[in-house]
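Each residue of the sequence shown is one higher than the one before, starting from 74 at the first, in the numbering used here.
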Amino acid sequence: MVITYRGARKTGFIYEGGQLTDQQAFRAYTDVPMDYNELERYEREYVGRIEVLAPPKDNYVFVNEQEVVKK
Numbered sequence: 074m075v076i077t078y079r080g081a082r083k084t085g086f087i088y089e090g091g092q093l094t095d096q097q098a099f100r101a102y103t104d105v106p107m108d109y110n111e112l113e114r115y116e117r118e119y120v121g122r123i124e125v126l127a128p129p130k131d132n133y134v135f136v137n138e139q140e141v142v143k144k
């Protein structure tokens, strides 16, 4: 499951797997903090059960809603 953030605010999720029901995927999404800045604490609470993979913050610039440009 991929939880998406824009700035520090949770904006949505992508789930392409087949192991979770829709209800389980939604519950996982709602359990994750709304604020990206709280994600590190959340990861510590669930150590060994989840893994947070975050892209380097300064690698990409959003030019508009349709285009992502690498710096």
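Glycine is no exception: its CB is placed at the ideal position from the N, C-alpha and C atoms.
Using a Cβ-Cβ cut-off of 6 angstroms (strictly less than) and excluding sequence neighbours within five positions of residue i, which residues of its own chain qualify?
i       : result
Val-120 : none
Tyr-102 : Phe-86
Ala-98  : Tyr-88
Thr-94  : none
With H, G and I counted as helix, E and B as strand and the rest as coil, what does DSSP make of residue i?
i      : result
Thr-84 : strand
Using the DSSP secondary-structure output, state which residues sit across from residue i in a beta bridge.
i      : result
Val-75 : Ile-87
Anyone know if the C-beta pair for residue i and residue j falls short of 9 angstroms?
i      : j       : result
Tyr-88 : Tyr-109 : no
Gly-90 : Met-74  : yes
Here's a check: name, in chain order, each residue in its chain whose Cβ is nearer than 7 angstroms to the Cβ of residue i, leaving out the five neighbours to either side.
i       : result
Val-105 : Ile-76, Lys-83 and Tyr-115
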